[in-house]
Amino acid sequence: MPSPTYPFSSPRKGDGTVMVTEILVDAGSCKFKTRITVGKLDGKLRVETVSSCEKVRLWAEKLGSEVEALSLTKPFCSNPAYLAADEPARLCPPCPVPTAFLMAAWAEAGYLIKRNPSIGFREAGRP
């Protein structure tokens, strides 16, 4: 995947590098990889998505490169991250990318603490 660019006005570290939130997604059985980078830009969230999945690229295009943080607090049925998963992207129902994006965006907006979620399979009957 190509390296992302960072045209953000997010806070900068002492060395001048931009502070953004970045999430790497390994979608699992489909083997597609996605990198989502979110930074603040003039009060909005600037989003950059790089993915090996064509459906995720269509999703990112529909979502757009700038999103109002407050719009991302809406329920599933009216949340831009999930609405963009419909036509034309037609993301697979178990795709973790919209949720990963929301976690990055919420972290960048200050709505949640950056902690890694975990989903894993285990065989039935094993602890």
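Numbering (my numbering), first residue to last: 45 to 171.
Using N, Cα and C, we set each Cβ at its ideal position, and we do this for glycine too.
In this text, all values refer to a predicted model and were calculated from it rather than measured experimentally.
| Item | Value |
| --- | --- |
| By Cβ distance, which residues of its chain are closer than 6 Å to Leu68, with the 5 residues on each side in sequence left out? | Arg79 |
| Looking at the secondary structure, which residues open and close the alpha helix (DSSP H) in which Val64 lies? | Segment: none, Val64 is in no alpha helix (DSSP H) and carries neither H nor E. |
| On the three-state DSSP scale, how would you describe Ser162? | coil |
| Under the three-state reduction of DSSP, which class applies to Glu112: helix, strand or coil? | coil |
| For Glu92, does the three-state DSSP call read helix, strand or coil? | strand |
| By DSSP, does Leu102 sit in helix, in strand, or in coil? | helix |
| Rounding to the nearest angstrom, what Cα-Cα distance links Phe120 and Ala168 in this structure? | 30 Å |
| Residues in its own chain within less than 6 Å of Ala149 by CB, not counting five upstream and five downstream? | Val82, Leu89, Leu116 |
| Within the same chain, show all residues whose beta-carbon is closer than 6 Å to that of Ala113, passing over the 5 residues directly before and after it, in chain order. | Leu89, Ala153 |
| If we call anything under 7 Å between Cβ atoms a contact, is Lys99 one with Leu127? | no |
| Once you ignore the five residues that flank Ala104 on each side, which residues in its own chain have a CB closer than 6 Å to its CB? | Thr93 |
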